[in-house]
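Visitor:
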Amino acid sequence: MSALRTIRSEVDRLEEIVSGFLSLAKEEELKKEVQPLDPILQECLNLVQKDAESRGVRVIGEFRARDLELALDAKKLRRALLNVLINALEVCPPGGRVRLFSRTTDGACEIEIRDDGPGMTPEALEHAFDPYFTTKPTGTGLGLSITRGIIEEHGGTITLTSTIGQGTQALIVLPLNPAPTEAIG
């Protein structure tokens, strides 16, 4: 029975690698719709809540984008945010926190994810968005590469900062107004 579980686990891992590779390789067009941002963020928190509870980690949301509506592909944005949230949960110790913030600045909307994990080394930070780079024994190294691609497709940026022993912050900046040449729909 144990051998069967091991085989199934490896098949699942290989499926994840292939799925990630295909996501990087295919260029699906964004299906943007103007919609409020904060409900998408709340949905992402709801999706990771059970996992967080099982790990003894608190997830906290502070949504200050209020009624801000952006032209975005909600499905792809959810995938990008979940990649970062799951990474944060996986490194956070029991009793730690993962926080998700939204706020607006002049011309942009910022989404920030912070964790109380161990932080990342400068080398890991430098390569975090490289395809196949991972610090996890069972990771594929594709999650953050895919995330960056999705954020850039939306005209935004994602940056990571980290302090060893204090945690990591991912800052996603999305433009308030899409570029005039972008097709929406």
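Take the sequence shown: its letters are residues 327 to 511, numbered as in the numbering used here.
Backbone N, C-alpha and C define an ideal beta-carbon position, used for all residues, glycine too.
Can you tell which of G493, T494, E359, S471 has the C-alpha that lies nearest to the C-alpha of K401?
Guide: Sequence index remark: in the sequence shown, residue 401 carries index 75 (1-based). Nearest of G493, T494, E359, S471 to K401, Cα basis: E359.
Visitor: Work out the CA separation of H453 and H480 for me, nearest whole Å.
Guide: By 1-based counting over the sequence shown, the position of residue 480 is 154. By 1-based counting over the sequence shown, the position of residue 453 is 127. Taking the straight line from one Cα to the other gives about 22 Å.
Visitor: Output the boundary residues of the alpha helix (DSSP H) element that contains G439.
Guide: Reading the sequence shown from its first residue, position 113 is the one you call residue 439. It is Ile, not Gly, that sits at residue 439 in the sequence shown. I439 -> not in any alpha helix (DSSP H); beta strand (DSSP E) instead, spanning 434–441.
Visitor: Restricting to Cα atoms, I'd like to know which of P365, R392, I439, R423 is closest to N409.
Guide: Residue numbering aside, residue 409 sits at position 83 when the sequence shown is read from its first letter. Out of P365, R392, I439, R423, I439 has the C-alpha closest to the C-alpha of N409.
Visitor: Which of the three DSSP states is assigned to A496 in this structure?
Guide: In the sequence shown, the residue the question calls residue 496 occupies position 170. Strand, per DSSP.
Visitor: Taking F455 and L468 to be in contact with their CB atoms under 8 Å, please state how far apart those CB atoms are, rounded to whole angstroms.
Guide: Here residue 455 refers to the residue found at position 129 when the sequence shown is read from its first residue. Here residue 468 refers to the residue found at position 142 when the sequence shown is read from its first residue. The pair is not a contact, with the Cβ atoms about 10 Å apart (cut-off 8 Å).
Visitor: On the three-state DSSP scale, how would you describe E369?
Guide: Mapped onto the sequence shown, residue 369 falls at position 43. The answer is helix: DSSP assigns E369 an H, G or I state.
Visitor: Just tell me which of D441, P501, Q361, K357 has its CA closest to the CA of D432.
Guide: Your numbering for residue 432 matches position 106 in the sequence shown. Residue P501 is the option with its Cα nearest to D432.
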